[in-house]
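*Asks:* Below is the structure I would like to discuss, written out as structure tokens.
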Amino acid sequence: FIGVAGADAAVIVTEWNIFRALDLDRIKAAMAAPVLIDLRNVYRAEQVRAKGFTYVDVGRGIAALEARKTESAA
4 FIGVAGADAA VIVTEWNIFR ALDLDRIKAA MAAPVLIDLR NVYRAEQVRA
54 KGFTYVDVGR GIAALEARKT ESAA
């Protein structure tokens, strides 16, 4: 967790299984700002947002983009 200590954001750039089982609560506690950018779609948006993160995913298509717009408008 030293890699995210005090970080404003964390970026996932690989789909390795070790990154699918991260302790999101511990990561959030270590970060200055809980922002997770997932370039490999390792996580489901609702799973990460439920932990209190701002979550950005890439490449999930227009439906995911529209869902994000709806969530941010609420």
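In the working numbering, the protein residues as written are 4 to 77. We treat Cβ as the ideally placed atom computed from N, Cα and C, and that holds for glycine.
1) Indicate the three-state DSSP secondary structure (helix, strand or coil) for residue 59 in the structure shown.
2) With distance defined between alpha-carbon atoms, name the residue in 57, 32 and 40 nearest to residue 15.
3) Assuming residue 34 and residue 10 are in contact, meaning their beta carbons sit under 8 Å apart, how far apart are those beta carbons, in whole angstroms?
4) Helix, strand or coil for residue 27? Go by DSSP, reduced to three states.
5) Could you tell me the distance, in whole angstroms, from the CA atom of residue 47 to the CA atom of residue 59?
*Replies:* This is what the structure holds:
1) strand
2) 40
3) 5 Å
4) helix
5) 10 Å
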